[in-house]
Amino acid sequence: MANQNGIATEEFVRAAGQDNYTYHDYYAIDDLLTEEHKIIREAARDWVKKEVSPIIEDCAQKAQFPHHILKGLGEIGAFGPSIPAKYGGGGMDDISYGIIMQELERGDSGIRSTASVQGSLVMYPIYRFASEAQKMKFLPKLATGELMGCFGLTEPNHGSNPGGMTTNIVDKGDHVVLNGSKMWISNAPFADIAVVWAKNEEGAIRGLVVERGMEGFSTPTMHGKWSLRASATGELVFEDVKVPKENIFPEISGLRGPLTCLSSARYGIAWGAIGAALDCYDSALRYSQERIQFDKPIGQFQLTQKKLAEMITEITKAQLLAWRLGVLKAEGKATPAQISMAKRNNVDMALKIAREARQIHGGMGISGEYPIMRHMMNLESVITYEGTHDIHLLITGMDVTGFNAFK
Ligand code: TGC
Ligand code: FAD
C-alpha cells in the first residue's frame with residue numbers, strides 16, 4: 001500500500017511491524033539535562049517514530065527523498081534550532097540542537113543531513129554573515145521549510161582542500177558573474193537557494209546566495225549512491241550566472257567563512273552519529289534476546305555479550321563527549337579542534353557499532369526489515385563528509401603537536 005506521495009508504508013517496515021526503539025542511558029546522562037531538553041527530545045523522538053520510521057527503509061531502497069516531511073521538520077524546530085526566534089529559529093541552546101540531531105539520525109542520517117545543511121550550513125551563515133535585509137528575506141522561510149537551501153563548498157577537484165577552489169566571481173558593477181561547479185551537494189536537487197563559496201579576482205573566498213531561477217544556474221542530481229539513499233545529492237553548475245551584489249555576504253572573506261559553518265554542522269554530527277549507533281545497539285540487543293540458536297537466545301553466548309558490552313561502553317563514552325562539548329559550546333569555549341575530535345570519534349564509533357550489530361543480526365542484518373545495513377551504509381558518507389576521518393585526525397594532530405601537516 002502506498003501513501004499519497006507514492007511511498008509504500010507497509011513494505012520494509014521493521015520485523016516487528018513497528019518501531020520499538022528504546023533510548024539507552026547507561027551513565028544517567030539524563031541527569032545532566034534540563035526538563036526542557038527532555039521535552040524537546042521526546043517531541044523529536046515521537047515525530048521520528050511517526051513520520052520517519054514507517055517510510056525510511058522504503059525511501060532508501062528506492063533512493064527517494066521524502067519531500068513531504070519537510071514541513072514537519074520545520075514544525076518540530078529542526079531547521080535552525082539555535083537561530084534566534086526573531087528570524088523564525090527556535091532560539092534553543094546548543095545541547096537542544098544536538099539532541100534534535102541525535103533523534104533525527106536515530107531515524108536516518110539522510111534526514112539529519114537535510115536538517116544539518118538547512119540549519120548549520122544555510123541559515124547559520126545567513127544569520128552570521130548576511131545583511132539584515134538578507135536575514136529577513138530568507139531566514140523565516142528557511143525555518144519553516146517553505147524555502148530549502150544547500151551549501152556549495154566541495155568541487156570535483158577540491159574536496160578536503162577547499163582552499164584550492166576554482167569557482168569564481170567577477171565584479172561587474174551592481175552584480176558579479178559566477179562561473180564554476182560544485183559536487184556532492186546535499187539537498188541541491190530541490191534547494192530553492194544555495195549558499196556558495198567562490199573566489200573573487202583577488203583570490204579571496206566570498207560567500208553568496210544563489211537563487212533557483214537565476215539564468216545559468218542548474219542542479220543536476222547525482223545518481224547511483226549506495227549510501228544516504230534517502231537524501232538527495234547533486235551538483236551545482238554556474239555558467240555566467242549574474243548574482244546581485246546584495247546577495248554577497250558583506251561580513252566575511254576567506255576560508256574562515258565556510259569553516260565556521262562547518263564547525264556548527266560537525267558539532268551536530270557528533271551528536272547525530274550517536275543516534276544511529278543507539279538504533280543499531282537497541283535493535284541488536286533486542287535481537288540477541290529473541291533469536292534462539294543451539295536452544296538458547298544468542299545473547300547468552302559470551303561472544304555476543306562481548307559485542308553488546310563493548311557497544312554500550314563506546315556509546316556511553318560518545319554521549320559524554322557530546323554532552324561536554326555542548327557545555328563548552330554554550331560557554332563559547334569549544335574550539336574547532338575539540339569539535340573535530342568529537343565528530344571523528346563519534347562517527348567512527350557509530351560505524352563500528354553498525355558493523356557489529358550487523359553481525360549479531362546474522363543474515364537478517366543485511367535485510368531492510370532491520371535498520372542496520374541502512375545505518376551502516378549511511379555512516380560511510382558521514383565519516384567522509386564535513387571533513388574525512390583522516391582530515392580530523394590531522395586537525396587533532398596539528399592541535400597537539402603544533403605542526404601543520406596540510407602545508
Ligand atoms: P587554514 O589555513 O587552516 O584555515 C583558514 C582559516 O580558517 C580558520 N579555520 C576555522 N575557522 C572556523 N572553524 C574551523 N573549523 C576552522 N578551521 C580553520 C583558520 O583559523 C584560518 O583563519 P584566518 O582568519 O587565519 O584565515 O586552512 P587550510 O586551507 O590549511 O585547511 C585546513 C583544513 C584541511 C582543516 C580544512 O580545509 C578542512 O577542514 N577541510 C575539510 C573540508 C570539509 O570539511 N569539507 C566539507 C564540505 S561541506 C559538507 O561536507 C557538508 S555535508 C552536509 C550534510 O549532508 O550533512
Ligand atoms: P578527497 O579530498 O579527494 O580525499 C580522498 C582521500 O584522501 C580521503 O581518504 C582523505 O582523507 C585523503 N586525504 C586528502 N587530503 C589528505 C591529507 N592532506 N592527508 C592525508 N589524507 C588526505 N560537500 C559540500 O560542500 N556540501 C554538501 O552538502 C556535501 N554533501 C555531501 C554528501 C555526501 C553524500 C557526500 C559523500 C559528500 C558530501 N560533500 C558535500 C562533500 C564532502 O565534504 C567531501 O566528499 C569530503 O570533504 C572529502 O572530499 P573528497 O570526496 O573530494 O575526497
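For the sequence shown, the residue numbers in the numbering used here are 1 to 407.
All residues carry an ideal CB built from backbone N, CA and C; glycine is no exception.
### Message
At the 9 Å Cβ level, is residue 389 part of the contact set with chain D, yes or no?
### Response
Structure shown: chain D not included; a single protein chain is present.
### Message
In the DSSP output, which residue or residues are listed as bridge partners for residue 221?
### Response
Here residue 221 refers to the residue found at position 221 of the sequence shown. Per DSSP, 234.
### Task
State yes or no: is the C-beta of residue 188 nearer than 8 Å to some heavy atom of ligand 2?
On the sequence shown, residue 188 is found 188 positions in, with the first residue counted as 1. Answer for residue 188: yes, Cβ within range of ligand 2.
### Query
Regarding residue 391 and ligand 1, is the C-beta to nearest heavy atom distance less than 8 Å?
Looking up residue 391 in the sequence shown gives position 391. The answer is yes for residue 391.
### Query
So, using beta-carbon positions, are residue 139 and residue 203 closer together than 9 Å?
Your numbering for residue 139 matches position 139 in the sequence shown. Your numbering for residue 203 matches position 203 in the sequence shown. It is not a contact, given that the beta carbons lie outside the stated cut-off.
### CB-CB length for residue 108 against residue 374, believed under 8 Å
As a first step, residue 108 must be located in the sequence shown, where it is residue number 108. As a first step, residue 374 must be located in the sequence shown, where it is residue number 374. Right, their Cβ atoms sit about 7 Å apart.
### Query
What's the gap between the Cα of residue 27 and the Cα of residue 358?
As a working note, residue 27 is residue 27 in the sequence shown. As a working note, residue 358 is residue 358 in the sequence shown. One C-alpha to the other measures close to 25 Å.
### Query
beta strand (DSSP E) containing residue 211: first to last residue?
Residue mapping note: residue 211 aligns to position 211 of the sequence shown, counting from 1. Note, residue 211: beta strand (DSSP E), 205-211.
### Task
Find the nearest neighbour of residue 279 within the set 267, 118, 353, judged by alpha-carbon distance.
Taking the first residue of the sequence shown as position 1, residue 279 is located at position 279. The shortest Cα separation from residue 279 among 267, 118, 353 belongs to 353.
### Query
residue 171 lies in the beta strand (DSSP E); which residues open and close that run?
If you number the sequence shown from 1, residue 171 lands on position 171. Start and end: 168-171.
#### Entry: Separation of residue 304 from residue 91, as counted between CA atoms
Walking along the sequence shown from the start, residue 91 turns up at place 91. Walking along the sequence shown from the start, residue 304 turns up at place 304. Each residue's alpha carbon lies about 44 Å from the other.
### Length of the line joining the Cα atoms of residue 171 and residue 248
On the sequence shown, residue 171 is found 171 positions in, with the first residue counted as 1. On the sequence shown, residue 248 is found 248 positions in, with the first residue counted as 1. About 11 Å.
### Query
Tell me which same chain residues have a C-beta within less than 6 Å of the C-beta of residue 19, skipping the five on either side of it?
Here residue 19 refers to the residue found at position 19 of the sequence shown. Excluding residues within five positions, the ones whose Cβ falls inside 6 Å are 49, 53.
### Task
On the DSSP bridge assignment, give the partners of residue 155 in chain order.
Position 155 of the sequence shown, counting from 1, holds the residue named residue 155. 158, per the DSSP bridge assignment.
### Query
Is it the case that the CB of residue 374 approaches a heavy atom of ligand 1 more closely than 8 Å?
The residue you call residue 374 lines up with position 374 of the sequence shown. No, the beta carbon of residue 374 sits no closer than 8 Å to any heavy atom of ligand 1.
### Query
With 16 as the cutoff for other CB atoms within 10 Å, does residue 292 come out buried or exposed?
Locating residue 292 in the sequence shown gives position 292, counting from the first residue. So residue 292 counts as exposed.
### Task
Check whether the Cβ of residue 273 lies closer than 8 Å to any heavy atom of ligand 2, and answer yes or no.
As a first step, residue 273 is located in the sequence shown; it is residue number 273 there, counting from the start. No, the beta carbon of residue 273 sits no closer than 8 Å to any heavy atom of ligand 2.
### Cα-Cα separation, residue 142 to residue 369
Residue numbering aside, residue 142 sits at position 142 when the sequence shown is read from its first letter. Residue numbering aside, residue 369 sits at position 369 when the sequence shown is read from its first letter. So the two alpha carbons sit approximately 34 Å from each other.
### Cβ-Cβ separation, residue 212 to residue 193 (assumed contact under 8 Å), whole Å
Taking the first residue of the sequence shown as 1, we reach residue 193 at position 193. Taking the first residue of the sequence shown as 1, we reach residue 212 at position 212. Yes, they are in contact, since the Cβ atoms of residue 193 and residue 212 sit about 7 Å apart, within 8 Å.
### Query
Can you pull the DSSP bridge partners for residue 292?
Here residue 292 refers to the residue found at position 292 when the sequence shown is read from its first residue. Looking at the DSSP assignment, residue 292 forms a beta bridge with 297.
### Task
Tell whether a beta-carbon distance below 9 Å holds between residue 262 and residue 386.
Numbered from 1 along the sequence shown, position 262 holds the residue referred to as residue 262. Numbered from 1 along the sequence shown, position 386 holds the residue referred to as residue 386. Cβ atoms of residue 262 and residue 386: closer than 9 Å.
### Query
Ordered along the chain, which non-local residues of its own chain (more than five positions away) have a Cβ less than 6 Å from that of residue 4?
By one-based count along the sequence shown, residue 4 stands at place 4. Any reading at residue 4 must be qualified, since the residue scores a pLDDT of 49, below 50, and its modelled position is unreliable; no value is offered.
### Query
Taking just the CA atoms, how far does residue 314 sit from residue 243?
Taking the sequence shown and counting its residues from 1, one reaches residue 243 at position 243. Taking the sequence shown and counting its residues from 1, one reaches residue 314 at position 314. Cα-Cα distance, rounded: 48 Å.
### Query
Counting Cβ pairs closer than 8 Å, one from the stretch 100-115 and one from the stretch 264-279, do we hit at least three?
yes
### Task
Confirm the yes/no value for this check: CB of residue 182, any heavy atom of ligand 3, distance under 8 Å.
In the structure on display, ligand 3 does not appear, and the ligands it does have are ligand 1 and ligand 2.
### Query
Going by C-alpha distance, which of 405, 56, 32, 406 is nearest residue 229?
Locating residue 229 in the sequence shown gives position 229, counting from the first residue. Ranking 405, 56, 32, 406 by Cα distance to residue 229 puts 56 first.
### Task
Determine the burial state of residue 67: buried for a count of at least 16 other Cβ atoms within 10 Å of its Cβ, exposed for fewer.
Within the sequence shown, residue 67 is the residue found at index 67, counting from 1. Under this definition residue 67 is an exposed residue.
### Message
Does residue 73 pass the burial test, meaning 16 or more other C-beta atoms within 10 Å, or should it be called exposed?
### Response
Numbered from 1 along the sequence shown, position 73 holds the residue referred to as residue 73. Looking at its Cβ environment, which holds 16 or more other Cβ atoms inside 10 Å, residue 73 is buried.
### Span of the beta strand (DSSP E) around residue 83
By 1-based counting over the sequence shown, the position of residue 83 is 83. Where residue 83 is concerned, there is no enclosing beta strand (DSSP E), given that its DSSP letter is neither H nor E.
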